Amino acid sequence: MSAATNTTARVQKLRELMRSHNVTAFVVPSEDAHQSEYVAECDERRGFISGFTGSAGLAVVSLESAALFTDGRYFLQASQQLDSNWTLMKSGLPEVPTWQEYLVKNLPAGSRIGIDPLVFTATDANKLEADLAKVGSTLVPTANLVDLAWQDRPARPASKLLILSTKTSGQSHTEKIQQLRKTLEKKGVAGFVVSGLDEIAWLFNLRGADVHCNPVFFSYAIVTPDYVSLYLQEKSVSQEARDHLGPEITIKPYETVFDDLRAMSSSLKANNTKILLGTRTNLALAVALGKENTVEARSPVTDAKSVKNETEQEGMRQCHLRDSAALINYFAWLEEQLANGVELDEADAAERLEKFRAEQTGFVGLSFDTISSTGPNGAIIHYKPEKPNAARINPDLVYLCDSGGQYIDGTTDVTRTLHFKTPTQHEKRCFTRVLQGHIALDTAVFPAGTSGYLLDILARRALWADGLDYRHGTGHGVGAFLNVHEGPHGCGTRIAYNDIPLVPGMTLTNEPGYYEDGNFGIRIENVMMVQKVETLHNFGGRGYLGFEHVTLVPMQLKMIDRSLLTHPEIEWINAYHAECLAKVSPFLAKDSAGLKWLQREAASL
């Protein structure tokens, strides 16, 4: 974890620009123009101005103060990375305002709040504008003032496009576009602006490398009943990509989408028709079309993408087998190195894990930066080891490893928590409570129409029995060779999850945890797929669902306190370990350390 960055000169320069643009405050979100969770270096504006490098947060810089808002996953990290120019606002805690409330209540009435309309959604901007009006303050769209203050800002990447065959995607891009057009017809709209990078990659069966660990590329698309325009950076487009897309899709320069939308505006108004915008579409696109010519709803591409077809589901099963083998080889290697007294830091270990993954068929890259954390660093929920500050892995402390890979046939995300010597009784009890929550969610059977919001309590119940909990969601969707975090569904305490029922084909991680600041972190994570389940009865004729886990890495036996477990929980662990042994053994070399580790750790409890 990097130390605090001195941001004095950066904040001072930004304030000079704020004065010249006549704004009282400037808001710096984490997202880019496509509302991406993970962004390219050139779009890491919030990280640049604040020094905080976590993936979630928002900065508000006024002429007098600077505040960084982030959630419970990052409280510890932000407290270490922010310098004295900043106040940490721990979102979600009592008495801590939201950033919107902060702008309304903590800044003088009549303030002018500057934003870059490219990185703000139209939905957020409209609501904020209404809230600000109550105190006479106004929202002021400007150029991005952080960009103007960022002298050595990196150039925007433009990676070559990778074509995904229907053997991997299970459906051609022309079929996906036809289905989208049918959806738009049902909604009574004249077209749809696609702005999410993963949505475009999925829709056109293309992948890229413009964003670290995310196989996406900078682009926009407009889909109407009559034409499809795909806006790309010219450097990204090969003849092979043009041939793949075919003559029905017009390729245009990335930046020209705004001109085309402005040109559409008058005809939309004349014909009294509207264009659909997803709720995460940026304000600049809405303004270019004319807000009166748009209707907002959750993106239909997001909904379609979240439900994996049979080919994608089988790809997820297969890539997880290979990925599980890589992780087992890594844990066996790491255990052996530490037992022999070899000193390794967290970053060295993460690098070696990536090499084990790279040996697997179809490996493309990591799905996120590996969280390799020893002892107290495990309590930093999204910890990233970086030299020279990475800690030496101490075999006397709990080790947490959260990692994943991008494969041509799927995406993985798995966390295991290990101890290389003798865990304390407290550590074992905490681990077992987390494991019980994991089992409860894995084995859940529920009626169709149930959301992940309603299931979240299952993963916390055992922890709550000991007065323990965790400050992150229990599960998120996972892309098929796409972003490791994928909506719109999820399992957690966010009320928005209650709007999205789980349906067969959706992926969901199962990752309860427990974290003690300054001591250790525990998390157990598998990827699961929602499937239909046959039940004895079918009350209401709704049908019932459950989960199929595809991650197959044993739970470390020495970390389990058997006395806390029920008989069904013990049966689950034994069955899961038997499944790991049967399915992953063929992917491990005969007599290898990995195979021996698997055979030992997959023993019956």
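Residues 1 to 605, numbered by the UniProt record's numbering, are exactly what the sequence shown covers, in order. The C-beta atom is built at its ideal place from N, Cα and C for all residues, glycine as well. The structure displayed is predicted, hence computed values, not measured ones.
In this chain, the beta strand (DSSP E) harbouring Leu277 covers Ile275 to Gly278.
Note on the segment 517 to 544: whole beta strand (DSSP E) runs with a minimum of 3 residues are 520 to 523 and 526 to 533, in chain order.
Taking C-beta separations shorter than 6 Å and ignoring five residues to either side along the sequence, the partners of Cys580 in its chain run Leu552, Pro554 and Ala602, following chain order. For Tyr515, the three-state secondary structure derived from DSSP is strand. The C-beta of Leu93 has fewer than 16 other C-beta atoms within 10 Å across all chains shown, which makes the residue exposed.
Between Thr424 and Gly479, the CB-CB gap reaches or exceeds 8 Å.
Counting the other CB atoms within 10 Å of its CB gives Gly405 a total of 16 or more, which places it among the buried residues. Along the length of the segment 540 to 605, whole beta strand (DSSP E) runs at least 3 residues long occupy 544 to 549, reported in chain order. The straight-line gap separating the alpha-carbon atoms of Arg19 and Ser62 is approximately 10 Å. Under the three-state reduction of DSSP output, Ile249 falls in the strand class.
Scanning the UniProt domain "Creatinase N-terminal" (10 to 147) from its first residue to its last, the whole alpha helix (DSSP H) runs of 4-plus residues come out as 45 to 50, 75 to 81, 99 to 105 and 122 to 133. Beyond the five residues adjoining it in sequence on each side, Leu605 comes within less than 7 Å, by CB distance, of Leu557, Ile560, Arg562, Ile570, Ile573 and Asn574 in the same chain, given in chain order. Contact between the segment 247 to 255 and the segment 159 to 170 is absent: fewer than 3 CB-CB pairs across the two stretches fall below 8 Å. By the neighbour-count criterion, in which 16 or more other beta carbons inside 10 Å mark a residue as buried, Asp43 falls on the buried side. Per DSSP, Asp198 is one residue of the alpha helix (DSSP H) stretching across Leu197 to Leu203. Where Asp260 is concerned, the enclosing alpha helix (DSSP H) starts and stops at Val257 to Asn271. Rounded to the nearest angstrom, the Cβ distance from Asn389 to Ala3 is 7 Å, consistent with a contact under 8 Å. Closest in C-alpha terms to Ala263, from the list Ala288, Arg242 and Glu240, comes Ala288.
Residue environment: Thr374 is assigned as buried (16 or more neighbouring CB atoms within 10 Å of its CB, all protein chains considered). Secondary structure at Arg392: strand, using DSSP grouped into helix, strand and coil. Under the three-state reduction of DSSP output, Phe331 falls in the helix class.
Contact between the segment 472 to 486 and the segment 336 to 350 is absent: fewer than 3 CB-CB pairs across the two stretches fall below 8 Å. By the Cβ-count criterion, Leu327 is buried, with 16 or more other Cβ atoms from all chains shown falling within 10 Å of its own Cβ. For His476, the beta-bridge partners assigned by DSSP are Gly490. Closest in alpha carbon position to Thr142, among Gln151, Leu283, Arg156 and Leu68, is Leu283. Taken through DSSP and simplified to helix, strand or coil, Tyr383 comes out as coil.
Each residue's CA atom was taken as its position, placing Val39 and Tyr220 some 16 Å apart.
Note that the segment 425 to 438 does not touch the segment 376 to 384; fewer than 3 beta-carbon pairs, one per stretch, sit closer than 8 Å. Residue environment for Ser172: exposed (fewer than 16 other C-beta atoms within 10 angstroms of its C-beta). Looking at the backbone, the Cα of Pro512 and that of Tyr74 are separated by about 16 Å. Put simply, the backbone Cα of Val550 is about 45 Å away from that of Asp259. Under the DSSP assignment, Tyr407 falls in the beta strand (DSSP E) whose first and last residues are Gly405 to Tyr407.
The three-state reading of DSSP puts Glu336 in helix, counting H, G and I together. Under the three-state reduction of DSSP, Ala297 is assigned to strand.
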